[in-house]
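In UniProt numbering, the protein residues as written are 1 to 325. Beta carbons are placed, not taken as given, at the ideal position from N, Cα and C, and that holds for glycine. This report concerns only the one structure given below.
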């Protein structure tokens, strides 16, 4: 039976059954969201144990489940995904993962697994204490957006196509985290605040240089002659170079008219970037993304009285970071 609960300032749905006592599970059957605890990485136990109540759920468990639910709402309701088109059918998370290195040590990372079709959220050591990545709404949305790209554009995770994959994940992470706030001037543009170096953010769309990322193609980091994308160069500096496309998205989202009104709503931008994403391919780069967004915008705003102004704002957003057509 589905129940709704508000806890830790979050509202979420869960499943309950009597077996023989009343047990609650972190499962939302309407959105197809389920959250598990994973303590030992053994192939036949994925995704892990159900997180049950009683005992009371821990705050990080509630956050992980609520964050995945918020992501599912945006993807299913705003983007109106059709599962028959090859999109995310379920939103499964395993939290507090353990590495399979013989020592069962803590996992200091989070990722989307294409093989298991689910997200994994380990912990980060912040000021001497472990913090679960799943408590950050933008990080959870970021990882599930990697699922979105794997089902749609299937961007190759190397060099510029990999950086584009990372950027789209960041953009949707920011959209999910700020969707409740209609005033864009009040948005938080940081990804993983509290999880970066010295407790700062991992990335910042408004000012990529704060997190050691470039904000213009002039500073795009190329592979050296003969150098191939590998794990030790971050597959062609995908997390580094993504800051450029992130900055273009920030420019677009914060575009204003002469009266200082924002030209785009969060919902419109979500649709714009999603429709652009499904038009991209395995080897697409930043310029391909620009062209796809412009193509979608021309159709989306075809009856908009300020259509030309919006198209010019998109052009300017990419021009400012050196991403050409």
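Cutoff 7 Å; reference residue i; Cβ partners in own chain excluding five residues on either side
| i | result |
| --- | --- |
| residue 325 | 287, 290, 291 |
| residue 101 | A caution first: residue 101 carries a pLDDT of 47, below 50, which makes its placement in the model too unreliable to give a value. |
| residue 283 | 156, 161 |
Residue interval of the beta strand (DSSP E) (run including residue i)
| i | result |
| --- | --- |
| residue 23 | 22 to 25 |
| residue 131 | 129 to 132 |
Same chain only: Cβ atoms within 6 Å of residue i, ignoring 5 sequence neighbours per side
| i | result |
| --- | --- |
| residue 12 | 65, 66, 69 |
| residue 279 | 292 |
| residue 135 | 60, 63 |
| residue 146 | 112, 169 |
Below-7 Å beta-carbon distance, residue i vs any chain B residue
| i | result |
| --- | --- |
| residue 249 | Note that chain B does not occur in the displayed structure, where there is just one protein chain. |
Those residues which DSSP pairs with residue i across a bridge
| i | result |
| --- | --- |
| residue 329 | Beyond the ends of the chain as shown, which are 1 and 325, falls residue 329; an answer cannot be given. |
| residue 50 | 36 |
| residue 262 | 256 |
| residue 328 | Residue 328 cannot be examined here, being either before or after the span of the chain that is shown, 1 to 325. |
| residue 110 | 121 |
| residue 185 | Partner(s): none; residue 185 has no beta bridge. |
| residue 190 | 204 |
| residue 16 | 24 |
Residue i and residue j closer than 7 Å at C-beta
| i | j | result |
| --- | --- | --- |
| residue 274 | residue 155 | no |
| residue 247 | residue 305 | no |
| residue 93 | residue 29 | no |
| residue 263 | residue 310 | yes |
| residue 313 | residue 241 | no |
| residue 26 | residue 14 | yes |
| residue 176 | residue 265 | no |
| residue 236 | residue 158 | yes |
| residue 238 | residue 166 | yes |
| residue 45 | residue 91 | no |
Opening and closing residue of the alpha helix (DSSP H) in which residue i lies
| i | result |
| --- | --- |
| residue 118 | From DSSP, residue 118 is part of no alpha helix (DSSP H) but of the beta strand (DSSP E) over 118 to 121. |
| residue 145 | 137 to 151 |
| residue 299 | 286 to 300 |
| residue 71 | 59 to 73 |
| residue 213 | It is not in any alpha helix (DSSP H) - residue 213 carries neither H nor E in the DSSP assignment. |
| residue 176 | 159 to 178 |
| residue 318 | 307 to 319 |
Any contact of the segment 269 to 283 with the segment 160 to 172, i.e. 3+ C-beta pairs under 8 Å? yes
Counting pairs of Cβ atoms below 8 Å between the segment 146 to 154 and the segment 212 to 221, do you hit three or more? Below 8 Å, too few C-beta pairs join the segment 146 to 154 and the segment 212 to 221 to call them touching: fewer than three.
Using 8 Å as the threshold, is the segment 317 to 324 in touch with the segment 245 to 255, meaning 3 or more CB pairs across them? Yes, the segment 317 to 324 is in contact with the segment 245 to 255.
At least 3 beta-carbon pairs within less than 8 Å: the segment 189 to 200 vs the segment 221 to 234: no
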